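All remarks here apply to the structure that follows.
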């Protein structure tokens, strides 16, 4: 198995244990096309999905740990040294990926009050 019967678009329409008048093409059962027809995902696609989910789960756990640390419910020293090292390594990578701030707040607005200069344009000579 399986011999496949295809429709006019070339898609598998049915599978058969033995050849028939309409199903003379043999495909191995592990063929991706057969697996898709049976509703099973390609192993590579499945691995990619798990990898994406794992990465998302790690991010959720990392954010959860940040919240627990910020609220003081957990101390970083409560974690095993290996977990601390991995946490700090990931945090450093994330910090490096953040775009630098264009301008940091300098507090200049508090130092210079330019509201007294609002009428200067009327004091300029006409062009």
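Numbering (the numbering used here), first residue to last: 27 to 153.
A virtual CB, placed ideally from N, CA and C, is assigned to each residue, including glycine.
Quick caveat: nothing in here was measured; it's all calculated off a predicted structure.
Count the other CB atoms within 10 Å of the CB of residue i; is the residue buried (16 or more) or exposed (fewer)?
i	result
residue 38	buried
residue 54	exposed
residue 28	buried
residue 49	buried
Between residue i and residue j, how many whole angstroms is the CB-CB distance? I'm expecting something under 8 angstroms.
i	j	result
residue 30	residue 51	5 angstroms
residue 63	residue 41	7 angstroms
Which residues in the same chain have their Cβ closer than 7 angstroms to the Cβ of residue i, if we skip the five residues on either side of it in sequence?
i	result
residue 116	88
residue 45	29
residue 112	none
residue 122	none
If I measure Cβ to Cβ from residue i and keep anything under 8 angstroms in the same chain, skipping five residues before and after, which residues do I get?
i	result
residue 94	100
residue 110	102, 103
Here's a check: name, in chain order, each residue in its chain whose Cβ is nearer than 6 angstroms to the Cβ of residue i, leaving out the five neighbours to either side.
i	result
residue 33	39
| request: Jot down the residue ranges of each uninterrupted alpha helix (DSSP H) in the stretch 38–111, minimum 4 residues, whole runs only, in chain order. | output: If we require 4 residues or more, the alpha helix (DSSP H) runs fully inside the stretch 38–111 come out as 58–63, 69–96.
| Segment contact, 8 angstroms Cβ cut-off, at least three pairs: the stretch 29–47 with the stretch 57–68 | These segments touch.
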